[in-house]
Amino acid sequence: MKTRYLNAEDPGAVNEAAEILRNGGLVAVPTETVYGLAANALDGKAVSRIFEAKGRPQDNPLIVHVSSLDEIPPLVSEVDPRVYDLAEAFWPGPLTVIMKKSELIPDEVCAGLDTVAIRMPSHPVARAVIKASGVPLAAPSANASGKPSPTRASHVRDDLDGKIECILDAGECSIGVESTVITLVTDPPTLLRPGGVTPEELESVLGKINISHAVYESLGEGEKAQSPGMKYKHYAPAARVTLIKGSFDKYEKYLKAHKTGICAVCFEGEGKHFPVSVEYGRADDSLTQARSIFDALRKVDETGCDEAFVRCPCADGVGLAVYNRLLRSSAFRVTDLDFSIPVYGITGQTGAGKSTVCSLFEKAGFHTVDTDLIAREAVRNPEVIENLKKAFGSDIFSDGELNRRELARRAFESEEKTNLLNSITHPVITELAIKEIHEAARNGAKAALIDAPVLLESPLAGVCDKIICVTADRDTRLQRIMQRDGIGIEDAELRIKAQRGEEYYTSHSDIEIRNVKPGEAVLQVENILKEKLL
Ligand code: TXA
Ligand code: MG
């Protein structure tokens, strides 16, 4: 199918779009929130084409758009009088209200539910198209299902060109995130999706409302979604997205500890600090963030990066909608860099005695984050399992158990494959380590000590306030490795050779602990703690 592009300002464009809609066609229509993919809401066949074009799951219902209040009574089984109060305050505008549906609404619109979602948009073009077509319009956001919602006609074209009859272009959407969805069917009413109308504004009209927990967290396994749209992965670029909480300084340090291939998604003026970045709105202004967040998420993929780290927005007011969309696009992956205890890293060559030093600090109330242990846990993470199977063959797992030896054989075949293994496991190891630091803080630890064999190359170096390096001369290290691992001198020498020289470790550390003679490390740790050198 050839998609027609109409400039909404051209005379006749609105009537042409309305004609297509009356004939059962699909038109992408600008609204103040995002572009919608409209069909005649009373024509089940036309509506089912929306699902096909978007690749939308059949059980996710659509919003019915009207242009005046008198269009509502025929659509619902009984008019909830509170809808008039809401209309008075917020319509036309970015609010969707759910009520019990009437027989007039085809099942396709409501995906089999007995309720219908209704919204009266304020965008003059959307209103004109509804009026000219003479029917209510069912319209989800005009993106391919799962992708970020479209806030420009070009976004719609990228996703739906050739699949729909027409795109009506009216420039950029002014709000930029979809409408607030509230259901009046529950008592008290429940906010299902935050948007341009804030919870506080709704409460000023309705009194107390509930906020669905799905706004903040992923649904439990097997839990039924109050709003089916909440259970799907959404707003997601192809890159793996993580939300980062904490100050800009912490964000910058953490991102700089990563290798290439990452995109910083940050606020205006911050992008220049990173090799690859996309900016979304001003740090202190939720409205500008809302307007640009979906465009920014689309731009992430144009950078070719496979990981994006997004500065966490403030979740107040309209910011709640921005935060919610980002939670969804990151599959609820949030990394909090605001630690309530100091975080130190410990590194050094093999056999230098990092574990010994860690246990000395533990006696003073420090918690050791052992990344070797975490690496074992990481390969039980579903995302890691799936990616390992894709990269190294599903037969590296049998009965759900990873065959470590076989994985090692395949991964260490070439540098490229080793890097692939690391790119799959390291992000998850990093996240688990950061979670463990927060947990240690909650459990009363005085500080966290990250014990990582390759700390200096790891993003975890970017969360350390200071780095401690443990050193010992070559002979001492050789003896220790042979004894610890029960290997001969040749193997022990190979291991030492595979590592960098001592200078590399000391020059990247803030404090050195020499650990050769018995009791030597104890004294230094005592001194460090006494002199508050950390
Ligand atoms: O701003 C908007 O609301 C945009 C523009 C085009 O109006 N539309 C939009 O539609 O965002 P869509 O389909 O992308 O999102 C509709 C949301 C989905 O999460 C859906 O599950 C929910 O509303 N929804 C629709 N009808 C519902 C119902 N009867 N009960 C519960 N949730 C419903
Ligand atoms: Mg949508």
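So in my numbering the end of the sequence shown lands on 556, straight run, no missing numbers.
Quick reminder that beta carbons are idealized off the backbone N, C-alpha and C, glycines included.
Rounded separation between residue i and residue j - CA only
i           : j           : result
residue 342 : residue 202 : 10 Å
residue 249 : residue 212 : 10 Å
residue 290 : residue 529 : 35 Å
residue 226 : residue 103 : 16 Å
residue 510 : residue 288 : 52 Å
residue 122 : residue 98  : 6 Å
residue 602 : residue 377 : Only positions 23 to 556 of the chain appear in this structure, which leaves residue 602 out of reach.
residue 177 : residue 80  : 23 Å
residue 518 : residue 215 : 56 Å
residue 315 : residue 456 : 26 Å
residue 504 : residue 498 : 10 Å
residue 209 : residue 91  : 23 Å
residue 311 : residue 142 : 24 Å
heavy atom of ligand 2 below 7 Å from residue i C-beta
i           : result
residue 211 : no
residue 162 : yes
residue 201 : no
residue 171 : yes
Sequence-distant residues of the same chain with beta carbon closer than 8 Å to residue i, five excluded per side
i           : result
residue 313 : 173, 194, 195, 196, 197, 198 and 303
residue 69  : 61, 62, 63, 84, 128, 130, 131 and 160
residue 166 : 76, 77, 181 and 182
residue 405 : 450
Residues that residue i bridges to, as DSSP identifies them
i           : result
residue 188 : 26 and 49
residue 534 : 491
residue 121 : 138
residue 378 : Paired residue(s): none; residue 378 is not in a bridge.
residue 62  : 159
residue 333 : 266
Closer than 7 Å: residue i CB and nearest ligand 1 heavy atom
i           : result
residue 82  : yes
residue 85  : yes
residue 452 : no
residue 208 : no
residue 252 : yes
residue 75  : no
residue 571 : Since the first and last residues shown for the chain are 23 and 556, residue 571 lies out of range.
residue 344 : no
residue 215 : yes
residue 132 : yes
residue 103 : no
residue 58  : yes
residue 120 : yes
residue 249 : yes
residue 159 : no
Same chain, Cβ closer than 6 Å to residue i, five either side skipped, listed in chain order
i           : result
residue 432 : 414
residue 392 : 473
residue 223 : none
residue 293 : 299 and 301
residue 265 : 332, 334, 348, 352 and 356
Any chain C beta carbon closer than 8 Å to residue i
i          : result
residue 59 : In the displayed structure, chain C is absent; only one protein chain is listed.
Sequence-distant residues of its chain with Cβ nearer than 7 Å to residue i (five each side left out)
i           : result
residue 296 : 277 and 286
residue 478 : 369 and 530
Is there contact between the stretch 360-374 and the stretch 408-423, where contact requires at least three CB pairs shorter than 8 Å?
Not touching, per the Cβ criterion.
Using 8 Å as the threshold, is the stretch 176-194 in touch with the stretch 94-114, meaning 3 or more CB pairs across them?
No, because fewer than three Cβ pairs between the stretch 176-194 and the stretch 94-114 fall closer than 8 Å, the two stretches do not touch.
How do the stretch 442-453 and the stretch 347-354 stand: do at least 3 beta-carbon pairs fall below 8 Å, yes or no?
The stretch 442-453 makes no contact with the stretch 347-354: fewer than 3 CB pairs, one atom from each, lie closer than 8 Å.
Does the pairing of the stretch 326-333 with the stretch 433-441 give three or more beta-carbon distances under 8 Å?
These segments do not touch.
The stretch 470-485 contacting the stretch 382-398, beta-carbon criterion three pairs below 8 Å
Yes, they touch.
If contact is defined by three or more beta carbon pairs under 8 Å, each pair taking one atom from either stretch, is the stretch 533-553 in contact with the stretch 381-388?
With contact defined as three or more Cβ pairs closer than 8 Å, the stretch 381-388 and the stretch 533-553 are in contact.
Whether or not the stretch 149-160 and the stretch 49-61 are in contact is what I'm after, with contact meaning three or more pairs of Cβ atoms, one per stretch, closer than 8 Å; do they touch?
Between the stretch 49-61 and the stretch 149-160 there are three or more C-beta pairs closer than 8 Å, enough to call the two in contact.
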